[in-house]
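Residue numbers (the UniProt record's numbering): 1 to 448.
Everything below concerns the one structure shown next.
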Amino acid sequence: MEPIGSLAATALLCRCILTGFSFHGIGGVCISMRGFLLVCSGIRASLWYSGTGGNVMPAMFLEKGSSLYDENGIGGVCISMRGFLLVCSGIRASLWYSGTGGNVMPAMFLEKGSSLYDEKRNQANLPPAIVKLVPGINGGRSEIIKQNLNAMYQDIVTATTAETFMGGAYRQGTNISSATAVSTPLGGSMENGIHNAVHFWTGDPTRMLYQDMGTFLTASRDPIFYAHHGNIDRLWEKWLYDMPGGRRAFHADSDFLDAEFYIYDETARLVKVILRDALDNNRLGVSYPDVLADELWTNFSPLPFTTGSAVLAARANGVSDVGLALRNGAIGFSSALCTIVKRPDIRKKQKEILIVEGLQVIRNTFLSLIVFVNLPDANSSSPISSAEYVGTFNVIPAPCKLLHTNPIFEIGDNLQRLGIDNEPEIVVTLVVRGTQSITIHGLPIGYT
1 MEPIGSLAAT
11 ALLCRCILTG
21 FSFHGIGGVC
31 ISMRGFLLVC
41 SGIRASLWYS
51 GTGGNVMPAM
61 FLEKGSSLYD
71 ENGIGGVCIS
81 MRGFLLVCSG
91 IRASLWYSGT
101 GGNVMPAMFL
111 EKGSSLYDEK
121 RNQANLPPAI
131 VKLVPGINGG
141 RSEIIKQNLN
151 AMYQDIVTAT
161 TAETFMGGAY
171 RQGTNISSAT
181 AVSTPLGGSM
191 ENGIHNAVHF
201 WTGDPTRMLY
211 QDMGTFLTAS
221 RDPIFYAHHG
231 NIDRLWEKWL
241 YDMPGGRRAF
251 HADSDFLDAE
261 FYIYDETARL
271 VKVILRDALD
281 NNRLGVSYPD
291 VLADELWTNF
301 SPLPFTTGSA
311 VLAARANGVS
321 DVGLALRNGA
331 IGFSSALCTI
341 VKRPDIRKKQ
351 KEILIVEGLQ
361 VIRNTFLSLI
371 VFVNLPDANS
381 SSPISSAEYV
391 GTFNVIPAPC
401 KLLHTNPIFE
411 IGDNLQRLGI
421 DNEPEIVVTL
431 VVRGTQSITI
441 HGLPIGYT
């Protein structure tokens with residue numbers, strides 16, 4: 001296969017996220033990069049023109065005969081204006097689902113016969129349908145927008161640490177293929193939440209695995225994939241520099257900063273990219289415009305639906321306690337699980353997190369796990385615009401593959417808004433939207 005062709009790029013995306021690679025230099029360990037491609041933001045098409053020497057013209061523009069290739073220009077590989085629309089989409093088109101909390105699919109991707117068109121999209125979600133940043137939310141336009149704003153707020157604003165926003169450590173020697181449910185590394189809130197939700201919303205439900213965008217097997221075949229990830233990159237920048245409370249920080253661990261990747265340049269020459277060189281957009285010569293509408297979600301203030309702690313009423317209705325006691329066992333459910341979780345006796349100054357410990361599911365179909373606090377009766381129809389909504393973990397399908405992970409959610413902001421931040425116990429409800437059951441090992445509360 002041509003190493004710099006678009007088919008190779010698609011295959012690489014699939015391999016990195018779904019199947020992983022075996023590296024003999026570290027004991028033949030299989031490295032799966034689900035959740036890590038977003039961390040490695042230097043390997044992104046929108047920053048190919050950086051001055052660091054590591055980023056090159058994206059492979060999607062270099063395949064002769066494709067609609068994005070142009071023979072004119074220096075070296076005969078000058079990017080065409082059709083292709084340049086994808087790179088420039090961060091200015092306008094990439095804001096299609098975060099600019100106002102409820103936008104529609106951009107018109108530039110809808111013209112049949114255009115190089116930006118893909119027939120494998122959900123026809124029910126074309127304009128005037130507005131995007132749903134948590135799959136399955138219902139209501140009129142204003143209610144969906146309100147729920148979208150809270151989804152953005154919970155995934156980005158309340159995820160204040162690098163671990164909750166970007167994901168946990170994934171070190172040399174970590175064997176994803178044999179990791180236990182409790183020891184598996186985790187991804188970040190935006191990747192698991194709104195990022196995966198937009199993939200699902202865009203993909204065609206009449207095709208296997210919601211192709212193209214609905215599965216990482218084929219997602220990069222749809223040009224809207226690049227606008228989507230252009231906005232993901234913009235939101236990373238927003239999270240780092242422009243959140244309430246001031247600047248935030250990436251991981252400072254050298255295992256993260258010095259990670260190395262090899263990619264092909266425009267002459268099919270293998271070049272090395274070091275991750276730390278791609279974290280500062282100023283060094284890359286990239287900037288994003290201020291978007292006034294971002295204030296709608298960065299300053300969103302979800303109101304409580306409940307009054308006071310729900311623990312006593314839940315216990316009176318037969319809701320049981322769960323948490324560390326399940327470390328040696330497991331519990332499965334397919335619709336909703338309501339339980340009472342004990343908070344640590346000694347509160348720390350760090351950020352309080354709820355851990356869905358040891359989540360396991362077969363990734364045959366798309367599935368969402370939606371987390372609420374203080375809402376015992378939450379179900380798949382419950383709106384997510386209130387302070388009781390904590391976040392969503394979306395599972396992108398990969399046939400017959402077992403997912404082991406430990407999603408974490410910062411809950412301090414939620415508990416404070418609900419007026420239960422001094423309670424010794426809280427009610428947690430996990431809701432499944434999908435057709436498969438899941439298994440968890442516990443719901444401990446910790447700190448990060």
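The C-beta atom is built at its ideal place from N, Cα and C for all residues, glycine as well.
Reduced DSSP secondary structure (H/G/I, E/B, other) of residue i
i	result
Leu354	strand
Phe109	helix
Ala336	strand
Tyr210	helix
residue 490	Residue 490 lies beyond the stretch modelled for the chain, which goes from 1 to 448, so this question has no answer here.
Val291	coil
Tyr447	strand
Gly285	coil
Gln436	coil
Tyr389	strand
Asn394	strand
residue 461	The displayed coordinates of the chain run from 1 to 448. Any statement about residue 461 would go beyond what the structure contains.
Asp277	helix
Gly167	strand
Val428	strand
Leu296	helix
Gly329	coil
Ile408	strand
Gly136	coil
Asp155	helix
Gly187	strand
Residue closest to residue i, alpha-carbon to alpha-carbon, out of the options
i	options	result
Ala310	Pro424, Val432 and Leu284	Pro424
Val427	Ile440, Asp265 and Ile445	Ile445
Thr158	Ala314, Lys132, Ile438 and Arg417	Arg417
Gly245	Pro302, Ile156, Val291 and Gly214	Ile156
Asn394	Asn138, Asn406 and Thr306	Asn406
Ile353	Gln360, Asn414 and Phe333	Asn414
His441	Asp118, Asn150, Leu337 and Ser385	Leu337
Ile331	Tyr288, Asp277, Val356 and Ala316	Val356
Gly167	Asn192, Leu133 and Pro383	Asn192
Thr306	Gln154, Ser114 and Gly419	Gly419
Ser335	Ser381, Lys351 and Ile362	Ser381
Val273	Lys132, Asp258 and Asp421	Asp258
Met208	Ser115, Asn282 and Arg121	Arg121
Val134	Trp201, Lys112 and Asn125	Trp201
Pro383	Glu143, Val131 and Ala124	Glu143
Asn282	Ala227, Arg234 and Ile362	Arg234
Glu410	Asn422, Val390 and Lys401	Val390
Ser254	Arg276, Val104 and Leu240	Arg276
Arg363	Ser320, Arg247, Thr392 and Thr215	Thr215
Thr435	Thr392, Val361 and Leu402	Val361
Thr160	Thr392, Arg247 and Glu119	Arg247
Inter-residue spacing [alpha-carbon to alpha-carbon] between residue i and residue j
i	j	result
Leu375	Ile263	48 Å
Leu279	Ala162	13 Å
Phe372	Glu388	5 Å
Leu369	Leu110	31 Å
Ala169	Asn196	20 Å
Val432	Ile137	13 Å
residue 469	Pro344	For the chain, the structure presents residues 1 to 448; residue 469 sits outside this window and is missing.
residue 474	Ile340	Residue 474 is absent from the structure shown; the chain starts at 1 and stops at 448.
Gln350	Tyr447	6 Å
Phe333	His251	34 Å
Trp297	Val291	11 Å
Phe300	Gln147	10 Å
Leu126	Leu217	22 Å
Gly203	Pro223	12 Å
Run of the alpha helix (DSSP H) containing residue i, from where it starts to where it stops
i	result
Ala198	For the record, residue 198 in the displayed sequence is Val; it is not Ala. Segment Asn196 to Thr202, the alpha helix (DSSP H) holding Val198.
Phe225	Ile224 to Tyr241
Ser142	Arg141 to Met152
Span of the beta strand (DSSP E), counted from its first residue to its last, around residue i
i	result
Lys349	No beta strand (DSSP E) holds Lys349; DSSP gives it neither H nor E.
Ala254	The sequence given here has Ser at residue 254, not Ala. That residue, Ser254, is in no beta strand (DSSP E); its alpha helix (DSSP H) goes Ser254 to Leu257.
Glu260	Glu260 to Tyr264
Phe250	Segment: none, Phe250 is in no beta strand (DSSP E) and carries neither H nor E.
His441	That residue, His441, is in no beta strand (DSSP E); it is neither H nor E in DSSP.
Val373	Leu367 to Val373
Thr405	Leu402 to Thr405
Gln360	Leu359 to Ile362
Phe305	Segment: none, Phe305 is in no beta strand (DSSP E) and carries neither H nor E.
CB-CB length for residue i against residue j, believed under 8 Å
i	j	result
Phe225	Ser189	So it is not a contact: roughly 21 Å between Cβ atoms.
Ala398	Thr429	In fact, because the Cβ distance is near 27 Å, the residues do not count as touching under 8 Å.
Ile396	His199	6 Å
Thr303	Ser386	At residue 303 the sequence reads Leu, which differs from the Thr that was named. With 8 Å as the limit, Leu303 and Ser386 qualify as a contact, their Cβ atoms being about 6 Å apart.
Tyr288	Glu237	6 Å
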